[in-house]
Amino acid sequence: MGIENLPDDVSLDENNVLSCSGEYEVTTRGIGYEFFNSIKKNRRRVAQYIAETEEIDTYESLLKRSVRTALHLKERNLTEDDVVCLCSYNQIHSCVPFLACMFLGIKVASLDPSFTHADASHLIKLVKPKIMFIVPEVLEMMMLAVEEAEINCELVLYGDDVDTNTSTPFNDFLEPHDDEDIFTPVEIDDPTETIVIFFSSGTTGLPKGICSSHKSIYHQGNLTNYAGIINSNSIIVLFSTLYWVSAVLHLSGTILCGAARLICRSFDPNDLWIYLDKYKVTYCFLAPIQGYQMIAAGRPDDIDTSSLTGLVTGGALFFSNKLSELRDLLPGAFVFQAFGMTEVSGLSTIFNLNKTKDRLLLHYRPASCGRPVPGFNYKIVDPENDTNCGPNERGELRIQSEFILNGYYNQDSSDAYDSDGWLRTGDIAYYDEDMCFYIVGRTKEMLKYRSWHVPPATLENVLEDHPAIKQSIVIGIPDEVDGDHPMALIILNESYQEEVSEEEIQEFVAERVNDTHKLRGGVKFLDSFPLTPTGKVKRKELKEMVVDGVI
Numbered sequence: 001m002g003i004e005n006l007p008d009d010v011s012l013d014e015n016n017v018l019s020c021s022g023e024y025e026v027t028t029r030g031i032g033y034e035f036f037n038s039i040k041k042n043r044r045r046v047a048q049y050i051a052e053t054e055e056i057d058t059y060e061s062l063l064k065r066s067v068r069t070a071l072h073l074k075e076r077n078l079t080e081d082d083v084v085c086l087c088s089y090n091q092i093h094s095c096v097p098f099l100a101c102m103f104l105g106i107k108v109a110s111l112d113p114s115f116t117h118a119d120a121s122h123l124i125k126l127v128k129p130k131i132m133f134i135v136p137e138v139l140e141m142m143m144l145a146v147e148e149a150e151i152n153c154e155l156v157l158y159g160d161d162v163d164t165n166t167s168t169p170f171n172d173f174l175e176p177h178d179d180e181d182i183f184t185p186v187e188i189d190d191p192t193e194t195i196v197i198f199f200s201s202g203t204t205g206l207p208k209g210i211c212s213s214h215k216s217i218y219h220q221g222n223l224t225n226y227a228g229i230i231n232s233n234s235i236i237v238l239f240s241t242l243y244w245v246s247a248v249l250h251l252s253g254t255i256l257c258g259a260a261r262l263i264c265r266s267f268d269p270n271d272l273w274i275y276l277d278k279y280k281v282t283y284c285f286l287a288p289i290q291g292y293q294m295i296a297a298g299r300p301d302d303i304d305t306s307s308l309t310g311l312v313t314g315g316a317l318f319f320s321n322k323l324s325e326l327r328d329l330l331p332g333a334f335v336f337q338a339f340g341m342t343e344v345s346g347l348s349t350i351f352n353l354n355k356t357k358d359r360l361l362l363h364y365r366p367a368s369c370g371r372p373v374p375g376f377n378y379k380i381v382d383p384e385n386d387t388n389c390g391p392n393e394r395g396e397l398r399i400q401s402e403f404i405l406n407g408y409y410n411q412d413s414s415d416a417y418d419s420d421g422w423l424r425t426g427d428i429a430y431y432d433e434d435m436c437f438y439i440v441g442r443t444k445e446m447l448k449y450r451s452w453h454v455p456p457a458t459l460e461n462v463l464e465d466h467p468a469i470k471q472s473i474v475i476g477i478p479d480e481v482d483g484d485h486p487m488a489l490i491i492l493n494e495s496y497q498e499e500v501s502e503e504e505i506q507e508f509v510a511e512r513v514n515d516t517h518k519l520r521g522g523v524k525f526l527d528s529f530p531l532t533p534t535g536k537v538k539r540k541e542l543k544e545m546v547v548d549g550v551i
């Protein structure tokens, strides 16, 4: 039997709209209710293996800590209109306040500990948290950011060495509570209400708060089971913090089916090889750069990875030749790409390991990022005439679903949708005759360095502060490993009297931005930029001239 004759629940209609008819559940009581009852049901199972300390954390222990934290939060009179922020690397307690907030129906927004002060300050001003759970490494930065935001925010610090004059010890939240044995989670009336706020950068350079609902978080968790990457016997590992939608997606997936997560503070390819064997990991999610580093490290001798059934990469394009190399290192495992978006709370397309057809297609279509999942409709739109494209025709991927973002937090979100209400992904894509999707570029100016968004406007604003610079444009130079290397194209200010070098400009920027935003593509001085009739810089033309070696 050929692939085309195998059973399939993915279809393409007469309007060139793709969908998947697979069944799915929708929560009616809220994600906190679903989490609480699933954790309680699986309380005897292992929830977390802590790689750094070799601790084993059961769901029973996780539930107790989360309930106590929820009760102590409740005493602070927080409501569903309030926001709690988290900023922690992965550790045994990092998901506890997240779960506690889910139990209470309180919105959560997470930051990454690698953020600069400017990043943290802007985001805190945006969401105005009432309380923050943070690691010691970011305490001073958060104190300053809270002061700049002019808000009253309690800082709760993980660890044993806590100055109670500046913060509250997280251990206080783990103290026994009289009501912990009778605690029940909040049952919400409307599952479309926002419960998690993710952050994503726009081309303006200012991050936006992406509002995800109870039902979208629940649906994404269930999709991991639907796609066959997580089940009740799974032990999974990934390295993203709760700032990333991938972390919330996989946390939800493990909790809803009682699976275990391996908790690692940071990524090291050599350690990962050891952990795959030591903990008998069944599933692994990696950013492309982490996959490349695994390949570069090479597979050690005497490592048993026979337990690993799936390894998925996401967040940026993973080159198919590299994917083949990674597959060679992991015989017996399905190694493939998936496509996700923060605006849909996680997975948008993936190959379903529970389906014979998908297992065959992921082998023969290594460049593809998967096929449609239940609950979503897809179309590829020609940006020139706004018509739907057929198979193998490139255009912008647009998605329709009850699970897409509620909008941007306290900001206008009208530009996120087209005139028919479909989400504009900003990604140039196509699908083939087997309805496998391929992402080939972006319509937006956003750059991506190792899965991190790098808004050109952010770097251009920094460059404007240099007295020698009259005008600057930042483009992305394609890199096989990293994605985009930001390059600054600069017109110098004629009135500036001192000499300035490209290296000086690079150093100027490096001193003022996060490591992910550095000008790894270099600096070029130009006399002028090509302009449109309305005076806008032709960014695409500039990039083509640089890539082609014209300038």
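For the sequence shown, the tail end lands on 551 under UniProt numbering, and the numbers increase by one without skipping. Cβ atoms here follow ideal geometry from the backbone N, Cα and C, with glycine treated the same way. Keep in mind it's a predicted model, so treat the numbers as computed, not measured.
With respect to the C-alpha of L353, the residue from I469, G346 and L311 having the closest C-alpha is L311.
Counting only the Cα atoms, N270 lies some 35 Å from T69.
Annotation: the continuous beta strand (DSSP E) that includes G476 extends over I469 to D479. If you check the CB distance, D57 and V67 do not come in under 9 Å. Looking at the DSSP output, G310 shares a beta bridge with Y283 and F334. Ranking C436, C389 and L206 by CA distance to the CA of P372 puts C436 first.
Take F170, set aside five residues on each side of it, and the residues of its chain with a beta-carbon closer than 7 Å to its own are H93, F133, V156, L157 and Y158, in chain order.
Excluding the 5 residues flanking it on each side, L362 has same chain C-beta neighbours closer than 6 Å at F336 and F351, in chain order. Sequence-distant Cβ neighbours of R442 in its own chain, meaning closer than 7 Å and more than five residues away, are G426, D427 and I428. The residues I210, C211 and E343, in chain order, have a CB closer than 6 Å to that of L405 in the same chain once the five nearest residues on each side in sequence are set aside. Within the DSSP secondary-structure output, T168 pairs in a beta bridge with V156. Between the stretch 134 to 145 and the stretch 231 to 246 there are fewer than three C-beta pairs closer than 8 Å, too few to call the two in contact. Each of L18, S414 and G22 was checked against the Cα of D9, and the nearest Cα belongs to G22.
When secondary structure is reduced to three states using DSSP, S66 falls in the helix class.
Secondary structure note for M141: its alpha helix (DSSP H) is the uninterrupted segment L139 to A149. Under the DSSP assignment, T224 falls in the alpha helix (DSSP H) whose first and last residues are H214 to Y226.
The distance from the Cβ of A488 to that of L447 is about 12 Å, inconsistent with a contact at the 8 Å cut-off. Excluding its 5 nearest sequence neighbours in each direction, C153 has C-beta neighbours in its own chain below 7 Å: P129, K130, I131, M132 and V146, listed in chain order. Cβ contact annotation for S306 (same chain, cutoff 8 Å, sequence separation greater than five): G332, in chain order. Rounded to the nearest whole angstrom, the CA to CA distance from E445 to D418 is 18 Å.
For D434, the closest alpha carbon among the candidates V481, E494, G370 and L397 is that of G370. With contacts defined by Cβ atoms closer than 9 Å, V108 and V196 form a contacting pair. By the neighbour-count definition (other C-beta atoms within 10 Å, threshold 16), Q220 is a buried residue. Assigned with DSSP and collapsed to three states, H93 falls in coil, not helix or strand. Here DSSP, grouped into helix, strand and coil, assigns V440 to strand. DSSP, read as helix, strand or coil, puts W452 in strand. Scanning V281, L272, D268 and H214 for the CA closest to the CA of V248 turns up H214. In the structure shown, Q411 adopts coil according to DSSP, grouped into three states. For a cut-off of 8 Å, the C-beta gap from I289 to S451 is around 7 Å, short enough to register as a contact. If you ignore the 5 residues before and after V245, its C-beta comes within less than 7 Å of the C-beta of F198, G340, T342, S345 and G346, all in its own chain and listed in chain order. Excluding residues up to 5 positions away in sequence, S66, T69, A70 and L73 lie with their Cβ nearer than 7 Å to the Cβ of A100 in the same chain. Each residue's CA atom was taken as its position, placing L397 and E502 some 38 Å apart.
Nearest neighbour of C264 by Cα position, chosen from Y49, N15, T164 and T313, turns out to be Y49. Residue range E55 to T58 is occupied by the beta strand (DSSP E) that includes E55. Boundaries of the alpha helix (DSSP H) harbouring M294: P288 to A297, taken from the DSSP string.
For M446, no alpha helix (DSSP H) encloses it, and the DSSP letter there is neither H nor E.
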